[in-house]
Every structure is written in C-alpha cells, then in structure tokens.
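Heads up, the thing below is written out as structure tokens.
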Amino acid sequence: MQGKVIEVKDAWREGAHVDDSKYREMYAASVADPNAFWAEHGKRIDWMTPFSTVKNTSFEPGKVSIKWFEDGKTNVAHNCIDRHLETRGDQTAIIWEGDNPDESKHITYRELHAQVCRMANVLRNRGVGKGDRVTLYMPMIPEAAYAMLACARLGAIHAIVFGGFSPDSLASRIQGCGSKLVITADEGLRGGRKVPLKANVDEAIKRLDADLVDHVIVVRRTGGSVSMEAGRDVYYDEAAEQVTDECPAVAVEAEHPLFILYTSGSTGQPKGVVHTTGGYLVYASMTHEYVFDYREGDVYWCTADVGWVTGHSYIVYGPLANGATTLMFEGIPTYPSTSRFWEVIDKHKVNIFYTAPTAIRSLMGGGEGPVKKTSRASLRVLGSVGEPINPEAWEWYYNVVGDKRCSIVDTWWQTETGGILITPLPGATALKPGSATRPFFGVTPEMVDAEGKVLEGACEGNLCIADSWPGQMRTVYGDHERFEQTYFSTYPGKYFTGDGARRDADGYYWITGRVDDVINVSGHRMGTAEVESSLVAHPKVAEAAVVGYPHNVKGQGIYAYVTLNDGEEGDDALRKELVTWVRKDIGPIASPDLIQFAPGLPKTRSGKIMRRILRKIAEDDFSSLGDTSTLAEPAVVDDLIENRQNRA
Ligand code: WT7
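If you're matching positions, the sequence shown starts at 1 in UniProt numbering and goes up one per residue.
Structure, rendered in structure tokens:
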C-alpha cells in the first residue's frame with residue numbers, strides 16, 4: 001500500500017523553488033496563519049487598490065461565504081499582459097501550434113496586448129461591460145485566449161462551452177448565464193476534421209428566446225462557408241478593423257466574477273461554477289510557478305482545451321500571470337501520427353509538459369517507437385491531471401517519455417478548486433507512482449468515514465477540505481443554496497470533494513476516484529443523471545440507469561442499462577441509434593460505450609434503483625453483489641448478469 005518510492009534526484013533539486021524542508025516550513029506556516037501567509041503571497045499580483053483584509057471565509061451550514069482580499073481591486077488582463085510589457089514585451093507569450101504541423105506562430109506580450117485590446121473594443125462597441133456574461137464556443141486558436149482576456153479586461157464574465165458539446169448543451173449554458181453575446185469560429189479543426197461551430201451556435205440560438213442573444217462574433221478559422229444573420233452576426237476580422245488596439249483595463253473588486261464554467265454533478269443539470277478575480281489569480285499563478293517549478297524563460301505546454309478548467313488556470317491565467325511562454329495546441333495526440341506530442345516538444349523546445357492519463361494510456365498502446373524517435377531533451381517536468389494515473393501509465397511516462405530524468409507531478413484538483421490542491425513539488429517531494437502525494441500550501445485535506453468521523457493516520461475514506469484556499473469557487477451561478485447543498489451539507493462544516501482516497505503512513509494521498517454518481521471518462525466529467533435523462537427522452541426508452549466501469553484507455557467507460565417500452569425490440573441497430581441520440585443531445589463525450597437492454601432494473605421496495613448492484617455487474621464482478629433479498633424483484637439480477645455486456 002505504501003507503493004514504490006522514487007527519491008528526489010539531485011538534478012531536480014538544482015535551482016528548484018523549494019526542497020523538502022522548505023516545503024514543510026512553508027506548508028506549516030500556510031496552515032498555522034493563513035492570513036499572514038496569503039497576505040504575503042497575495043502580493044505576487046499587481047493591485048490597483050491594495051487589499052487590507054485577506055481571508056474572510058465560512059464553511060458553516062447556512063452561512064457558507066468565501067471572500068479573499070475583499071477590499072482590493074485589480075484586473076486579471078492587466079496582470080497577465082500589461083505588467084509584463086516593460087520587461088518582456090518582445091518575449092513570446094503564446095506559441096500556437098496548429099492542427100496541421102506546418103502551421104504555428106509566436107505571439108509576443110506586446111502583440112498579445114494589442115490583440116486583447118482590439119477584441120475588448122469590439123466587445124465594448126457591442127455593449128459589453130462589467131458584469132455582463134459572454135459565452136465562448138471556440139476552437140484552440142489564439143483568439144480564444146484573446147477573448148478570455150478581453151472579457152477580463154472589461155470586467156465581463158466569460159462562460160466557455162467546450163467545442164465538443166452539442167447545440168442543446170450550448171443552448172442551456174447560454175440560457176443559464178444569460179449571455180447576450182457569443183464568440184465562436186466558422187469551424188474548428190481537429191485531427192484534420194472540421195467541427196461546425198458556427199452552425200452549432202445557430203442551432204443553439206434557435207432553441208432560445210428570440211431576444212436573448214444580440215450578437216455573434218465569428219472568428220475565421222477555416223474560411224468555410226457559414227450562414228451569417230444580418231444585424232446579429234459579424235466576422236471578427238471585419239469588426240476588429242473598426243477599432244483601435246488600446247483599451248484600458250477596468251479595476252474590479254477582488255471578488256468580482258472572472259468566469260463561469262459549467263460542470264457535471266451527481267444530480268440534475270450542470271452547475272455554473274463561479275470563480276472570482278483576486279484569490280483565483282493569486283492561486284493559479286502561485287500553483288503554476290511552484291507545482292511545475294516554472295523558471296524564467298521556460299516553454300510550458302498544457303495539452304488541455306480552454307473549454308475545461310485546466311485550460312483556464314494552466315494554459316491562460318496562471319502561466320500568463322507569471323510572464324511565461326505558454327503553448328496552445330489546436331490538434332490531437334494522434335494526428336498526423338502518434339509521435340505528434342513528442343515532435344511538438346522538440347519543435348518548440350518544451351521544458352514543462354502537462355497532459356492527462358488517458359492520453360498517456362492511449363499512446364502507450366503504440367509502444368516506445370513513436371516516442372523514442374524524438375529527442376525530448378528539453379523536458380524537465382511532466383504533469384498529469386484529470387483522473388487517477390495508474391502506476392503502469394505513470395512508469396511509462398517517467399521511464400519512456402521522461403527518460404527517467406524528469407520529475408512527475410500528479411496533480412489532483414477539480415473545476416471547483418480553481419487550481420491544484422494535492423501534488424508533488426519538483427525537487428521537494430519523493431514520488432510514489434500513482435499517488436498525488438501531499439497538499440499544496442494552504443490546503444487542509446481531511447479524511448472522513450461515511451458518518452463524517454475524521455480519520456487519523458493511514459486510512460481510507462472520503463476526501464474533504466477543512467478550510468478555504470484563495471482559488472476556491474465562490475458559488476453556483478444564480479443558486480447559492482445549491483452550492484451549499486452540493487459541497488457543504490454531506491459533512492457539515494467541510495468542503496466535500498466527491499472523491500474517495502487513501503492516506504498512507506507517510507501522509508501521502510492516493511485518490512481512488514469519485515464516490516458519487518459522477519463518472520470520469522477520459523478525464524472529462526459526466527453526470528450519470530444527465531446521460532440517463534437523455535436516454536429516457538428517446539421515444540422507445542422507458543427507463544435507464546447509467547454507471548461507470550473500468551476502461552483501459554478512458555479510465556472509465558459509460559455503461560447504460562436501458563428498459564424499453566412494451567413491444568420494442570432491443571438489438572444492435574437500436575444500440576447504435578441510442579448512442580447517436582446521446583451524442584447529438586449532449587455531445588460525443590457522453591456516448592455510452594456499452595448498452596444492455598434490461599427487462600427490469602434492481603429496485604428497492606420503495607422504488608429506488610440499486611446502483612451498487614449495477615456498478616458491480618458493469619465491472620463484471622458479480623461475486624460480491626451483497627444482499628439482494630431486499631429487492632422488489634430479486635430475479636432481475638440473474639437476468640442482468642446473464643446478459644451483461646462486459647464479459648471479461
Ligand atoms: C475530478 C475533477 C482538475 C482538472 C481536470 C478535471 C478527478 C482530477 C486527478 C488526479 C485522481 C483526479 C477527481 C476530481 N481528478 N485530477 N490527479 N488524480 N483523480 O476537473 O472535470 O472538475 O474533475 O477529476 O475525481 O474530483 P473536473
């Protein structure tokens with residue numbers, strides 16, 4: 001259970017931000033006196049009005065309130081751009097690597113400033129100001145970062161919707177936050193295939209109240225033809241010609257919202273996670289610097305999409321606040337070949353690389369050849385995020401990709417946490433393959449049992465965080481009660497993460513995965529309830545129950561049990577039809593991997609579906625189903641086992 005230990009190498013220690021004793025000293029100080037610790041580190045960003053108060057937070061039931069640096073004023077775009085102009089105006093801020101390996105470009109901080117100001121002026125001319133919501137539905141092109149920073153510059157709140165979501169999902173997110181303006185592109189380009197972004201926006205808007213969306217700004221990416229509605233739609237390049245490249249950054253309160261990002265939970269529709277300005281930026285930039293041991297001049301690459309929180313905190317805000325060179329990649333790991341990641345690393349001399357276990361596992365399948373034909377000599381730190389990394393994938397990342405030379409940081413965090421909470425620090429933390437290791441400064445993990453009793457020492461339980469940190473989400477957009485209910489009611493007085501974990505004798509954390517009805521497919525979060533409600537909306541479906549099951553590459557796959565209406569026949573054609581239905585309804589990431597047609601589902605006498613049993617059958621482990629005698633119809637279990645889709 002302790003696992004294998006990889007000691008800190010001298011090479012990692014050289015020039016590193018902290019060593020083990022410095023980590024311990026800083027960590028102890030951060031939790032002993034959070035006000036003093038964050039008062040000092042809050043100064044890592046520029047303040048237009050300095051703060052005089054630091055932490056003002058409560059996790060108390062009914063009174064949950066989270067405020068940091070409350071009376072300070074600042075602007076995120078100023079911190080990510082303007083303050084660097086004097087010292088590094090000509091340094092590259094963004095390296096953009098296109099889907100096509102022949103396409104890439106460097107954008108300096110000075111160019112970034114001009115581009116963001118232009119975009120901000122285009123928005124301002126269309127009535128966007130402080131507090132207005134703007135929805136972004138963008139491919140991975142520099143304009144996505146310009147748009148985020150342009151909103152921040154004006155004090156507007158961006159709400160990015162991942163380009164893989166369907167028109168329906170996009171519509172409900174535009175509606176949810178009441179955006180009057182949408183920024184998109186004609187088409188996206190991934191792995192040589194086009195993604196009809198503008199057409200999806202048109203579809204989404206048709207589903208909304210006619211007077212909600214006033215403006216759609218369309219960045220030309222592929223030049224593909226799209227329909228443009230006069231008076232509503234405008235091409236970005238044409239609008240940008242009409243404005244200047246100077247636009248003042250608006251000073252906003254530390255607690256002014258920076259962005260909303262929708263994420264799945266165990267029940268209901270996705271929630272709008274709200275992150276604010278001051279604390280978020282302090283936390284994102286500080287974690288970026290320490291966790292990746294970022295050093296002046298490094299080239300840093302995070303392979304996430306800006307549609308997810310990782311893209312917000314660790315492609316755009318954290319790195320740019322630190323004056324880093326951040327690489328933005330439009331493509332996929334397997335196009336034009338499975339060497340693409342490693343070729344990009346060599347092409348741009350990447351020092352720090354941050355990706356997801358699912359990508360590592362899928363590339364592992366192709367063997368060492370595609371990796372070993374590249375040099376990767378520039379690499380120093382390798383990061384992992386999104387799901388537990390199994391020790392086999394960890395070892396491959398360490399031995400094959402990193403040539404046993406690079407430090408690995410397995411970073412555990414969530415959309416809600418704004419930044420990394422549990423992670424090794426290069427040069428300071430001895431590594432154990434599969435463990436996210438120790439808490440970052442100011443983070444107070446607590447393990448509790450099902451009854452909420454706090455566990456001490458080595459243990460296994462549910463992971464909570466006892467007290468606030470500056471990057472924490474502040475509320476669910478428009479529904480503070482749901483915020484309290486979701487995160488602070490299970491174990492009153494604590495933030496409940498929804499994850500299970502083990503803590504070993506060295507105090508290292510091993511995240512075991514979600515303990516609620518959220519599944520993690522290729523590092524993307526999906527609520528089983530969302531997939532279920534999509535399935536039951538199909539005219540032939542009477543009832544559906546969805547669970548996760550172990551999947552070699554994706555981490556978890558989606559297993560759906562479907563009961564059809566009387567007289568309907570469950571066959572492969574209908575399976576295909578249901579998969580297409582869910583893809584269209586939610587997006588490709590929600591596609592069920594396995595569908596089992598079930599005449600009945602295991603229910604208690606009061607009609608509650610027993611998911612524990614369904615999970616076990618989906619895992620192909622029905623030796624330990626537990627007591628089934630309390631079921632309304634125990635016989636349905638035999639049928640479910642007999643017809644299971646996941647036979648080993
Ligand atoms: C869930 C959060 C945070 C950015 C990406 C995902 C799982 C995340 C790890 C890790 C084990 C991890 C957890 C968490 N998770 N990182 N290093 N080890 N599990 O953000 O979509 O909000 O999902 O991802 O289950 O709760 P998200």
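Glycine included, each C-beta is placed from N, C-alpha and C at the ideal position.
Fair warning: this is a prediction, and the values are worked out from it, not measured in the lab.
Can you tell me whether residue i sits near the ligand WT7, meaning its C-beta is under 7 Å from at least one heavy atom of the ligand?
i              : result
residue 649    : Since the displayed the chain opens at 1 and closes at 648, residue 649 lies outside it and no answer follows.
arginine 438   : no
arginine 474   : no
tryptophan 469 : no
serine 169     : no
serine 384     : yes
valine 309     : yes
glutamine 414  : yes
isoleucine 332 : no
arginine 525   : yes
asparagine 520 : yes
arginine 615   : no
proline 248    : no
arginine 514   : yes
glutamate 387  : yes
threonine 486  : no
threonine 263  : yes
isoleucine 260 : no
glycine 188    : no
glycine 498    : yes
aspartate 410  : yes
isoleucine 589 : no
isoleucine 94  : no
isoleucine 315 : no
isoleucine 511 : yes
Using CA atoms only, rank isn't needed, just tell me which of the options is closest to residue i.
i                : options                           : result
histidine 41     : Tyr290, Arg647 and Thr310         : Tyr290
leucine 154      : Glu70, Val218, Arg110 and Leu258  : Leu258
isoleucine 205   : Arg126, Gly176 and Ser225         : Gly176
alanine 251      : Glu203, Asp346 and Thr74          : Thr74
isoleucine 422   : Trp469, Tyr397 and Cys406         : Trp469
glycine 555      : Leu614, Val243 and Glu619         : Glu619
glycine 311      : Gly72, Asp293 and Pro142          : Pro142
glycine 419      : Pro433, Arg503 and Met286         : Met286
phenylalanine 69 : Cys459, Phe37, His78 and Arg405   : Phe37
glycine 567      : Asp585, Ala560, Val443 and Lys540 : Lys540
methionine 364   : Val401, Tyr137, Ile352 and Phe353 : Val401
lysine 361       : Val521, Ala542 and Thr57          : Per the sequence shown, the amino acid found at residue 361 is arginine instead of lysine. Out of Val521, Ala542 and Thr57, Val521 has the C-alpha closest to the C-alpha of arginine 361.
leucine 149      : Trp96, Val76, His551 and Ala458   : Val76
histidine 480    : Gly507, Val273 and Leu112         : Val273
isoleucine 405   : Leu379, Ala28, Ile107 and Leu123  : One detail in the question is off: residue 405 reads as arginine in this sequence, not isoleucine. Among Leu379, Ala28, Ile107 and Leu123, the Cα nearest to that of arginine 405 is on Leu379.
tyrosine 109     : Ala635, Arg83 and Asp102          : Arg83
alanine 466      : Phe488, Cys459 and Gly478         : Phe488
glycine 331      : Leu455, His288, Arg232 and Leu189 : Leu189
For my contact list, residue i and residue j are in at a C-beta cut-off of 8 Å; report their separation, rounded to the angstrom.
i              : j              : result
alanine 304    : isoleucine 315 : 6 Å
isoleucine 6   : alanine 430    : 7 Å
isoleucine 94  : methionine 447 : Incorrect: roughly 40 Å between the Cβ atoms, too far for contact.
serine 384     : alanine 356    : 7 Å
asparagine 121 : threonine 244  : 6 Å
alanine 185    : valine 219     : 4 Å
glycine 626    : arginine 612   : 7 Å
threonine 444  : tyrosine 509   : With a Cβ gap of about 12 Å, threonine 444 and tyrosine 509 do not count as contacting.
arginine 514   : glycine 498    : 5 Å
tryptophan 581 : histidine 538  : 5 Å
isoleucine 609 : lysine 616     : With 8 Å as the limit, isoleucine 609 and lysine 616 do not qualify as a contact, their Cβ atoms being about 13 Å apart.
valine 116     : isoleucine 157 : Going by Cβ atoms, the distance from valine 116 to isoleucine 157 rounds to 16 Å, so no, they are not a contact pair.
lysine 194     : glutamate 203  : Their Cβ separation, rounded to whole angstroms, is 16 Å, which puts lysine 194 and glutamate 203 out of contact at 8 Å.
Within 8 Å, do at least three Cβ pairs link the stretch 589–601 to the stretch 540–560? The count of Cβ pairs closer than 8 Å, one atom from the stretch 540–560 and one from the stretch 589–601, reaches three, so the stretches are in contact.
Pair every Cβ in the stretch 394–404 with every Cβ in the stretch 363–372, then say whether three or more of these pairs are closer than 8 Å. Touching, per the Cβ criterion.
Along the chain, which unbroken stretches of the beta strand (DSSP E) at least 3 residues long are found entirely within the stretch 372–428? You should have 381–385 and 407–411.
Below 8 Å, how does it come out for the stretch 65–80 and the stretch 459–477: are there three or more Cβ pairs, yes or no? Verdict: yes, contact present.
My parser needs the alpha helix (DSSP H) runs of 4 or more residues fully inside the stretch 126–178; what are they? Here the runs fully enclosed are 142–154 and 167–177.
Inside the stretch 247–284 only - beta strand (DSSP E) runs reaching at least 3 residues: Within the stretch 247–284, the complete beta strand (DSSP E) runs of at least 3 residues are 257–263 and 271–276.
Using 8 Å as the cut-off, can you tell me whether the stretch 331–350 makes contact with the stretch 261–274, which would need three or more C-beta pairs spanning the two stretches below that distance? The stretch 331–350, when compared against the stretch 261–274, does not touch it at the 8 Å Cβ threshold.
I'd like the ranges of any alpha helix (DSSP H) spanning at least 4 consecutive residues and lying wholly in the UniProt domain "AMP-binding enzyme C-terminal" (530–608). Whole alpha helix (DSSP H) segments, 4+ residues: 572–585.
Touch check for the stretch 180–199 and the stretch 216–232: three-plus C-beta pairs under 8 Å? Verdict: yes, contact present.
Evaluate contact between the stretch 426–446 and the stretch 19–32, counting only Cβ atoms and requiring at least three cross-stretch pairs below 8 Å. Flag = yes, the stretch 426–446 and the stretch 19–32 touch.
Alpha helix (DSSP H) runs wholly inside the stretch 453–526, at least 4 long, in chain order: You should have 480–488.
Which ranges does the beta strand (DSSP E) cover as unbroken runs of at least 3 residues, wholly within the stretch 8–47, from first to last along the chain? List check, beta strand (DSSP E) in window: nothing returned.
Please give the ranges of any alpha helix (DSSP H) in the stretch 202–252, keeping only runs that are unbroken, at least 4 residues long and fully inside the region. Scanning the stretch 202–252 from its first residue to its last, the whole alpha helix (DSSP H) runs of 4-plus residues come out as 236–241.
Unbroken alpha helix (DSSP H) runs of length 4 or more, entirely within the stretch 46–120: which are they? Taking 4 residues as the minimum length, the alpha helix (DSSP H) runs contained wholly in the stretch 46–120 are 76–80 and 85–88, in order along the chain.
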